[in-house]
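For the sequence shown, counting from 1, position 33 maps to 33 in the numbering used here; every step adds exactly one.
Beta carbons are placed, not taken as given, at the ideal position from N, Cα and C, and that holds for glycine.
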Amino acid sequence: MSSFSCPHYDARDETCKLLKVDCVPGRPGCVLQHNSKFAVPVEERLRRKAIEKGERPPDRV
1 MSSFSCPHYD ARDETCKLLK VDCVPGRPGC VLQHNSKFAV PVEERLRRKA
51 IEKGERPPDR V
């Protein structure tokens with residue numbers, strides 16, 4: 001197991017400065033998308049984040 005440090009992560013509001021959206025490591029466009037493995041698939045984490053914010057979950061990533 002390891003952790004990462006992302007130069008695009010804004011800890012003040014937990015957003016990605018590169019994509020200008022909530023930080024969800026591994027999401028499309030993320031610098032970690034193709035070179036990392038995650039225990040919970042990105043699709044599930046995006047759904048959870050949307051539900052948490054009261055938004056409609058994405059149909060597909």
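Span of the alpha helix (DSSP H) around residue i
{"i": "Lys49", "result": "42-52"}
Residue i, buried or exposed, once every other Cβ within 10 Å from all chains shown has been counted against 16
{"i": "Arg27", "result": "buried"}
C-alpha gap between residue i and residue j, whole angstroms
{"i": "Cys23", "j": "Gly54", "result": "16 Å"}
{"i": "Phe4", "j": "Phe38", "result": "12 Å"}
{"i": "Glu14", "j": "Lys20", "result": "10 Å"}
{"i": "Asn35", "j": "Gly29", "result": "12 Å"}
{"i": "His8", "j": "Lys17", "result": "5 Å"}
Cβ-based neighbour list, residue i, same chain, cut-off 7 Å, excluding 5 preceding and 5 following
{"i": "Leu46", "result": "Val24, Arg27, Pro58, Val61"}
Same chain, Cβ closer than 8 Å to residue i, five either side skipped, listed in chain order
{"i": "Leu32", "result": "Phe4, Cys6, Pro25, Gly26"}
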